[in-house]
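Asks:
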Amino acid sequence: MEEENQAMKLYSHPMSSCSRRVRLALYLKGLKYECINITGVGDPELLKVNPMGYVPALVDGTTVVSDSYAILLYLEEKYPQHALLPQDIIKKSINYQAASIVSSSIQPLQNTTLVHYIGELVSPDEKLPWAQNHIRKGFVALEKLLANHAGKYATGDEIYLADLYLTFQLDNAINRFKLDMTEFPLLLKLYKVYCQTPSIQQIFAESSQQQIDKSLFNFTKPQEA
Amino acid sequence: MGFVPTLLDGDMVLAESSAIILYLDDKYPQHPLLPHDLKKRAINYQAANIISSTIQPTLRIPILAYIRDNIGPDERITWVHKHIGKGFAALEILVKDHAGKYATGDDICLVDVLLAPQIIGTLERYNFDISNYPLLSRLSESYKQVPAIRNALPENQPDFPKELKGIILIRIY
Chain A
-16 MEEENQAMKL YSHPMSSCSR RVRLALYLKG LKYECINITG VGDPELLKVN
34 PMGYVPALVD GTTVVSDSYA ILLYLEEKYP QHALLPQDII KKSINYQAAS
84 IVSSSIQPLQ NTTLVHYIGE LVSPDEKLPW AQNHIRKGFV ALEKLLANHA
134 GKYATGDEIY LADLYLTFQL DNAINRFKLD MTEFPLLLKL YKVYCQTPSI
184 QQIFAESSQQ QIDKSLFNFT KPQEA
Chain B
363 MGFVPTLLDG DMVLAESSAI ILYLDDKYPQ HPLLPHDLKK RAINYQAANI
413 ISSTIQPTLR IPILAYIRDN IGPDERITWV HKHIGKGFAA LEILVKDHAG
463 KYATGDDICL VDVLLAPQII GTLERYNFDI SNYPLLSRLS ESYKQVPAIR
513 NALPENQPDF PKELKGIILI RIY
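These protein sequence lines are chains A and B, in that order. For the first sequence, my numbering puts the final residue at 208, and the numbers step up evenly by one. For the second sequence, my numbering puts the final residue at 535, and the numbers step up evenly by one.
#1: Can you list, in chain order, the residues of its chain whose CB lies under 6 Å from that of threonine 138/A, leaving out five sequence neighbours each side?
#2: Which residues does DSSP list as the beta-bridge partners of methionine -9/A?
#3: Looking at the C-beta of asparagine 411/B, does it have a partner C-beta in chain A at a distance below 9 Å?
#4: Starting from alanine 452/B and walking both ways along the alpha helix (DSSP H), at which residues does that stretch end?
#5: Using a Cβ-Cβ distance cut-off of 9 Å, determine whether arginine 430/B contacts chain A.
#6: Please list the terminal residues of the continuous alpha helix (DSSP H) segment that includes serine 83/A.
#7: Using only CA atoms, which one of Ile72/A, Leu97/A and Thr180/A lies nearest to tyrosine 390/B?
#8: Pick from Ile532/B, Thr466/B and Ile534/B: whose alpha carbon is nearest that of serine 504/B?
#9: Can you tell me whether leucine 396/B is helix, strand or coil according to DSSP?
#10: Enumerate in chain order the residues of its own chain whose CB-to-CB distance from asparagine 518/B is below 7 Å, with the five nearest sequence positions on each side excluded.
#11: Output the distance between the C-alpha atoms of glutamine 64/A and valine 5/A, rounded to the nearest integer angstrom.
#12: Can isoleucine 425/B and histidine 460/B be called in contact, C-beta distance under 9 Å?
#13: For the pair the stretch 8 to 22 of chain A and the stretch 106 to 117 of chain A, tell me if three or more CB-CB distances fall below 8 Å.
#14: For leucine 67/A and leucine 7/A, I'd like the C-alpha separation in whole angstroms.
#15: Considering Cα atoms alone, identify which of Tyr464/B, Ile529/B and Thr484/B is closest to leucine 501/B.
#16: From proline 367/B to leucine 498/B, what distance separates their C-alpha atoms?
#17: Of the residues Leu58/A, Leu55/A, Ile84/A and Gly102/A, which one's Cα is nearest the Cα of asparagine 432/B?
#18: Which of the three DSSP states, helix, strand or coil, is assigned to leucine 376/B?
Below is the structure:
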């Protein structure tokens, strides 16, 4: 039993796109870990590990890293198998840029906590337009950015950092926020490829197997009176 | 996205400050912005991302305009203080075991490159008092002594209008 202490621990939530990025990276790199599902806000065990109180957070021996961007770059540097960044500096930088568009301009503004907060401050009817607006702005940028770089995947024919970000942001946009994807043919094509990719299917399947209260993530049914 | 900054370097056109900084660190290795130690690198990535993905996106002008127009002008201060406060509280805890003269040691690293502009020349727009954050307050005093940080201030840029010097721009109170 005590031998298992050497395995990494990942504090995660099944519906968190940030957590899913990391789970996909761990899967691609063949890394074993214990998945600790955090389902409540302000979980004290999580706060000890991540002072922001967000998932994901990774414990790897004596190293504790939170924030998916930091975790992914840490994993890439420590476990170089199945590289998440291309060697070519231009393609590598495009991966950083695409990841940053998602992590700085889209995800923080459509995350559940903030969207519900906007609902309280403005109106419950504003939640969906707010989220769709910010996702759309980011997708306009991504559609243009990747036009000259995409192959089978976002920046070539291998899954890289950008794909880890896009897969789950697209999933949120299409399934959670019902964004009209007509103006994003490249992103939609990429999403269809992601859905056919076994490693990504594995992560989607793991999430759907979890018992969670999905009503927090439903922004499209009418509010009860 | 239509945002600054955007870097043009030969054939390379790159946006998003974190992508630009990592590109520059890759291509121009003088004065590396990341330590060799993996743990310290991870702390830098994490702290930098607290700023670029948790604090800064909520302070953008279009967001504050939305708050002003849909809730009220006074709500902007509450909103800003909430988001900066949460991020700064996390940073205080995150870097406290790593800080030296600067956030993660005695050299300016990635997190300092993001933190300094978040503090110097910015917080006064929001009437935000950093003295509640002792470590960040100390770092702020260190940053003010660094010529490169002073040179990067808006009022020291060649295109900054002279008549605006000394005025707190984009003030929300």
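No residue lacks a Cβ here, since even glycine has one placed at the ideal position from N, Cα and C.
Replies: Put simply:
#1: Only Lys74, Ile77, Asn78, His132 and Ala145 meet the Cβ criterion.
#2: Tyr16/A
#3: yes
#4: 437 to 457
#5: no
#6: 72 to 83
#7: Ile72/A
#8: Thr466/B
#9: It is coil, neither helix nor strand.
#10: So the list reads Arg512, once near-sequence residues are dropped.
#11: Spanning the alpha carbons of glutamine 64/A and valine 5/A requires a straight line of approximately 15 Å.
#12: no
#13: no
#14: 11 Å
#15: Tyr464/B
#16: Whole-angstrom Cα-Cα distance: 25 Å.
#17: Gly102/A
#18: strand
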